[in-house]
Amino acid sequence: MLKRLRGYRHDARRVRDLDSVHQMMPYILKRRCDSEVYINEKVDVTEALKYIKQRNESDPDRKFTLFHLILAAFSKTIIHRPYLNRFISGRRYYERYDVSFSFVIKKQFSDKGEESLMILRTNGDSTLDEINQKVRGTVQEVRETGGNDLDKILDLLVKFPRPVLRLFATLLNLLEYYNCMPKSLSDVDPYYSTVLIANLGSIKCGTPYHHLTEYGTNSLMVTIGEIHKESVIDNEGNSHIRDVVEMGITIDERIGDGYYFAKSIKMFKYLLNNPELLEMPFKEEVNCDDESSMA
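What follows is the structure, given as structure tokens:
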């Protein structure tokens, strides 16, 4: 209990080396939903699509998609820009030990098709190939078996009457505030992941704003739109037709500042423009000094 009072968590370390501005933020901006910043970015994916085509032609049994590359690029970016992996709980700052993504798997592409949530975990030793293998394997498993551990928990909970569910939800929030959330629950809960990500381009949809939640520890929400052609002006003023994806990013402003977020987005774009860098372990340093590649 003493360790918990001092800020111990099984999934993150407490961040203590903060300036006074950020130390005060959780007391002034108390709610995550009051601290949202929405960023809309157009990302050039021309080189990424060329890379995907090359990989799929050389190894057709391991189908790579843009979603795999986006997950890998975000993972490597967060590992090298660790403020993005922070969250606030109980008025305290924490930084996760690993990087995690949560996203929906549609069991059937129909109006009544059931949904299941997948949690993908990565670290500095992870690579693009590992992400490809994990995502393909989990998607296939969910569609064959019809669900996962989280689905089983939810199926059980919804059988209780509403007052019991309200009490249970209140208890979960109290457990989180005092760092007592059971590992068995937080490990399968998508709202405890680094990034909640929605690949709406796969269903021919745009990039809406998506809110954060007070429940859980998630500080970063991303929506991915549909790939389309667009005229892009380079640094020399020349126009080129490129493949572009629009992305919506909602972030808790208390975990960083505008300069930090802007540099992080530049690194993410650089990695998608140089996708071969994602073949190496994500902990490998990347040189983003070439501003022309990050425009």
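The numbering used here puts the first residue of the sequence shown at 68, with every later residue one more than the last. We treat Cβ as the ideally placed atom computed from N, Cα and C, and that holds for glycine. Note that the structure is predicted; figures quoted are calculated from it, not measured.
Q) Which of helix, strand or coil does DSSP assign to G315? A) Along the sequence shown, read from residue 1 onward, the residue named residue 315 stands at position 248. G315 falls in the strand class under three-state DSSP.
Q | Simplified DSSP state of R365, which is helix, strand or coil | A | Because the chain here runs from 68 to 362, residue 365 falls outside it and cannot be looked at.
**Q.** Local conformation of F24 per DSSP, three classes
**A.** Look at the range of the chain in this structure, 68 to 362, and you will see that residue 24 is not part of it.
Q) Going along the chain, which residues of its own chain have a beta-carbon closer than 7 Å to the beta-carbon of M68, five neighbours each way excluded? A) Here residue 68 refers to the residue found at position 1 of the sequence shown. Low confidence applies to M68: its pLDDT is 49, below 50, so where it sits in the model is not reliable enough to give any reading.
(Q) Which residue marks the beginning of the alpha helix (DSSP H) containing V88, and which one marks its end? (A) On the sequence shown, residue 88 is found 21 positions in, with the first residue counted as 1. Residues S87 to I95.
Q. Anyone know if the C-beta pair for I146 and S167 falls short of 7 Å?
A. One-based indexing of the sequence shown puts residue 146 at position 79. One-based indexing of the sequence shown puts residue 167 at position 100. Cβ atoms of I146 and S167: not closer than 7 Å.
Q: Apply the 10 Å Cβ neighbour rule to D319 and answer buried if 16 or more other Cβ atoms are within range, or exposed otherwise.
A: The residue you call residue 319 lines up with position 252 of the sequence shown. That one is buried.
(Q) Am I right that Y161 and A79 are in contact with their C-beta atoms under 8 Å? What's the rounded C-beta distance? (A) Against the sequence shown, residue 161 aligns to sequence position 94. Against the sequence shown, residue 79 aligns to sequence position 12. The pair is a contact, with the Cβ atoms about 4 Å apart (cut-off 8 Å).
Q) According to the neighbour-count rule (16 or more other Cβ atoms, all chains shown, within 10 Å of its Cβ), is D192 buried or exposed? A) Translated into positions along the sequence shown, residue 192 becomes position 125. Within 10 angstroms of the beta-carbon of D192 lie fewer than 16 other beta-carbons, which makes it exposed.
Q) In three-state DSSP terms, what is E343? A) The count along the sequence shown starts at 1 and reaches residue 343 at position 276. DSSP places E343 in the helix class (H, G or I) of the three-state scheme.
(Q) Taking 7 Å as the limit between beta carbons, can you name the residues of its chain near F335, skipping five residues before and five after? (A) Position 268 of the sequence shown, counting from 1, holds the residue named residue 335. Answer for F335: A140, F141 and T144, listed in chain order.
Q | Whole-angstrom distance between N285 and V311, CA atom to CA atom | A | Residue mapping note: residue 311 aligns to position 244 of the sequence shown, counting from 1. Residue mapping note: residue 285 aligns to position 218 of the sequence shown, counting from 1. If you take the alpha carbons of V311 and N285, they lie about 27 Å apart.
Q | Backbone CA spacing between S360 and G315 [nearest angstrom] | A | Counting from 1 along the sequence shown, the entry for residue 360 is found at position 293. Counting from 1 along the sequence shown, the entry for residue 315 is found at position 248. Because S360 sits at a pLDDT of 42, beneath the cut-off of 50, its placement in the model cannot be relied upon, and the following sentence gives the value as read from the coordinates. When rounded, the separation of the alpha-carbon atoms in S360 and G315 is 21 Å.
Q.
Given this structure, state the Cα-to-Cα distance separating N202 from R83, to the nearest angstrom.
A. To locate residue 202, count along the sequence shown from 1; it is residue 135. To locate residue 83, count along the sequence shown from 1; it is residue 16. Per the sequence presented here, residue 202 reads as Val, with Asn not at that position. Roughly 35 Å separates the two Cα atoms.
Q: Consult DSSP for I40 and reduce its assignment to one of helix, strand or coil.
A: Residue 40 is absent from the model: the chain starts at 68 and stops at 362.
**Q.** Backbone CA spacing between K350 and L338 [nearest angstrom]
**A.** Along the sequence shown, one-based indexing puts residue 350 at 283. Along the sequence shown, one-based indexing puts residue 338 at 271. Near 13 Å, if we compare the C-alpha coordinates of L338 and K350.
Q. Would you call the stretch 265-278 and the stretch 224-232 touching, i.e. three or more CB-CB distances under 8 Å?
A. Contact between the stretch 265-278 and the stretch 224-232 is absent, because fewer than three Cβ pairs lie under 8 Å.
Q. Do you know offhand how far R363's Cα is from L234's?
A. Lying outside 68 to 362, the shown extent of the chain, residue 363 is not represented and no answer is given.
Q. In or out: L221 buried (at least 16 other Cβ within 10 Å) or exposed?
A. In the sequence shown, counting from the first residue as 1, residue 221 sits at position 154. Residue burial annotation: L221 is exposed, with fewer than 16 other C-beta atoms found within 10 angstroms of its C-beta.
Q: Taking F235 as part of the alpha helix (DSSP H), name the residues at either end of that continuous run.
A: On the sequence shown, residue 235 is found 168 positions in, with the first residue counted as 1. Taken as a continuous stretch (DSSP letters only), the alpha helix (DSSP H) holding F235 covers R229 to Y244.
Q) For H77, which of helix, strand or coil comes out of DSSP? A) The residue labelled residue 77 in the question sits at position 10 within the sequence shown. When secondary structure is reduced to three states using DSSP, H77 falls in the coil class, being assigned neither helix nor strand.
Q | Residue interval of the alpha helix (DSSP H) (run including T113) | A | Numbered from its first residue, the sequence shown carries residue 113 at position 46. Where T113 is concerned, the enclosing alpha helix (DSSP H) stretches over T113 to S125.
**Q.** Under 7 Å between C-beta atoms of V255 and L217
**A.** The count along the sequence shown starts at 1 and reaches residue 255 at position 188. The count along the sequence shown starts at 1 and reaches residue 217 at position 150. A contact, by the Cβ cut-off of 7 Å.
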